[in-house]
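*Asks:* Before we start, here is the structure in question, set down as structure tokens.
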Amino acid sequence: MIEREESALERLDKLLASTGRWSRREVKELVRQGRVRADGRVVLKPEEKLDPAASLTVDGAPVDFATFVYLMLHKPAGLLSATEDRDQPTVLDLLPPELKRRGLFPVGRLDKDTTGLLLLTDDGDLAHRLLSPKKHVDKVYLAQVEGRTDRADAAALAAGLVLGDGLRCLPAGLEPLGDGSRCLVTLREGKYHQVKRMLAARGKPVVSLHRLSMGTLTLDEGLKPGQWRFLTPQEEEELRRLVTST
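See below:
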């Protein structure tokens, strides 16, 4: 039988780090503790070269080398929703190097001072579908405003505002909360500073803005600002179903 060519083999630490679940340093510790197996045998060195098709397990659980990565991030204020910037920090700076190397990008943008749910992925097709107005993927924001929103504001947004620069917005939802100084705004598009511009046009400037959800994906209350986690298989499937059924 012909042996696998050396050039087709990859280092174990590189393979496991590519999943985004562990750094190479963490892989080294897993190997030292005897917790990694390749095709049933315990791997002794993190630099050992393996066939990428080998069956790898950590603590007995199979390692899934997913084609794409999907992360939920609780975006804090002060970071740009971009992959890189010469002068200012971006949301990608919150990730470990092994994930940054995967080429992840934010699905849509939140303003620098806007907080809340941000989806990061390297799946361009899913991102495009989620952002397409034709797919009617709702994005819900919690806004704190100067003054008080009311039924007239809700009716104006529902009719589709035309902003001062001529931008015609798609119909949007607005639900005043409490005394109206807080409200929920639901969009199916994502124009530049759109929530802020719409509420400003109604004489209710935004003081703070926080995204709660995007389609079927809701911000995990357990995530503090700046923290992230991988989407669960169920969350991934629900997003895919959403953009293929609409």
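Taking my numbering, the leading residue of the sequence shown gets 34, the next gets one more, and so forth.
Just so it is clear, CB atoms sit at the ideal spot from N, CA and C, and this is done for glycine as well.
If you're wondering where the values come from, they're calculated on a predicted model, not measured in any experiment.
#1: Considering only residues of the stretch 122-160, which uninterrupted beta strand (DSSP E) runs meet the minimum length of 3 residues and lie entirely inside it, listed in chain order?
#2: So is Gln267 buried or exposed if we call it buried at 16+ other beta carbons inside 10 Å?
#3: Check whether the Cβ atoms of Gly193 and Leu200 sit closer than 8 Å, and answer yes or no.
#4: Mind pulling the beta strand (DSSP E) runs of 3 or more residues that sit fully within the stretch 172-230?
#5: For a quick check, are the C-beta atoms of Asp120 and Pro79 less than 8 Å apart?
#6: Between Gly180 and the ligand GDP, is there a pair consisting of the residue's CB and a ligand heavy atom that are separated by less than 7 Å?
#7: The alpha helix (DSSP H) spanning Leu63 covers which residue range?
#8: If distances are taken between C-alpha atoms only, which option among Arg57, Ser278, Glu59 comes closest to Lys169?
#9: Sort Pro122, Arg68, Leu164, Leu151 by Cα distance to Trp261 and report the nearest one.
#10: If we count the other Cβ atoms within 10 Å of its Cβ and call it buried at 16 or more, is Thr52 buried or exposed?
#11: Indicate whether Phe101 and Thr116 have their beta-carbon atoms separated by less than 8 Å.
#12: Checking 8 Å against the spacing of the C-beta atoms, do Thr182 and His243 come in under that value?
#13: If you reduce the DSSP assignment to three classes, tell me which class Lys108 lands in.
#14: Pull the bridge partners of Arg69 from the DSSP assignment, please.
#15: Leaving out five residues on either side along the sequence, give the residues of the same chain with a beta carbon under 6 Å from the beta carbon of Leu275.
#16: Taking 8 Å as the threshold, find out whether the stretch 170-190 comes into contact with the stretch 208-217 through three or more Cβ pairs.
#17: Whole angstroms is fine: what's the gap from Ala110's alpha carbon to Lys224's?
#18: What is the DSSP secondary structure of Glu38, counted as helix, strand or coil?
*Replies:* Let me spell this out:
#1: 148-154
#2: Your numbering for residue 267 matches position 234 in the sequence shown. Per the 10 Å Cβ criterion, exposed.
#3: Stepping through the sequence shown from its first residue, residue 193 is reached at position 160. Stepping through the sequence shown from its first residue, residue 200 is reached at position 167. For Gly193 and Leu200, no; Cβs fall outside 8 Å.
#4: 172-178, 206-210, 215-220
#5: Locating residue 120 in the sequence shown gives position 87, where the first residue counts as 1. Locating residue 79 in the sequence shown gives position 46, where the first residue counts as 1. Taking 8 Å as the Cβ cut-off, Asp120 and Pro79 do not qualify as a contacting pair.
#6: Here there are no bound small molecules, and the ligand GDP is not part of this structure.
#7: In the sequence shown, counting from the first residue as 1, residue 63 sits at position 30. That run of the alpha helix (DSSP H) goes 57-65.
#8: Locating residue 169 in the sequence shown gives position 136, counting from the first residue. Residue identity check: residue 169 is His in the sequence provided, not Lys. Here the closest residue by C-alpha is Ser278.
#9: In the sequence shown, counting from the first residue as 1, residue 261 sits at position 228. Answer by Cα proximity: Leu151.
#10: As a position in the sequence shown, residue 52 is number 19, starting the count at 1. Thr52 comes out buried.
#11: Numbered from 1 along the sequence shown, position 68 holds the residue referred to as residue 101. Numbered from 1 along the sequence shown, position 83 holds the residue referred to as residue 116. Cβ distance not < 8 Å, so Phe101 and Thr116 don't count as in contact.
#12: In the sequence shown, residue 182 corresponds to position 149, counting from 1. In the sequence shown, residue 243 corresponds to position 210, counting from 1. Their beta carbons are not under 8 Å apart, which means Thr182 does not touch His243 by this criterion.
#13: The residue given as residue 108 occupies position 75 in the sequence shown. Reduced to three states, the DSSP call for Lys108 is strand.
#14: Counting from one through the sequence shown, the residue named residue 69 turns up at place 36. Correcting the residue type first, residue 69 is Val in the shown sequence and not Arg. Val69 is bridged to Val91.
#15: Reading the sequence shown from its first residue, position 242 is the one you call residue 275. For Leu275, where only same-chain residues beyond five positions count, the Cβ hits under 6 Å are Gly248, Thr249.
#16: yes
#17: Here the question's residue 110 lines up with position 77 in the sequence shown. Here the question's residue 224 lines up with position 191 in the sequence shown. Straight across, the Cα-Cα distance linking Ala110 with Lys224 is about 19 Å.
#18: Working through the sequence shown from its first residue, we reach residue 38 at position 5. No answer about Glu38 holds up, because its pLDDT of 47 lies below 50 and its placement is not dependable.
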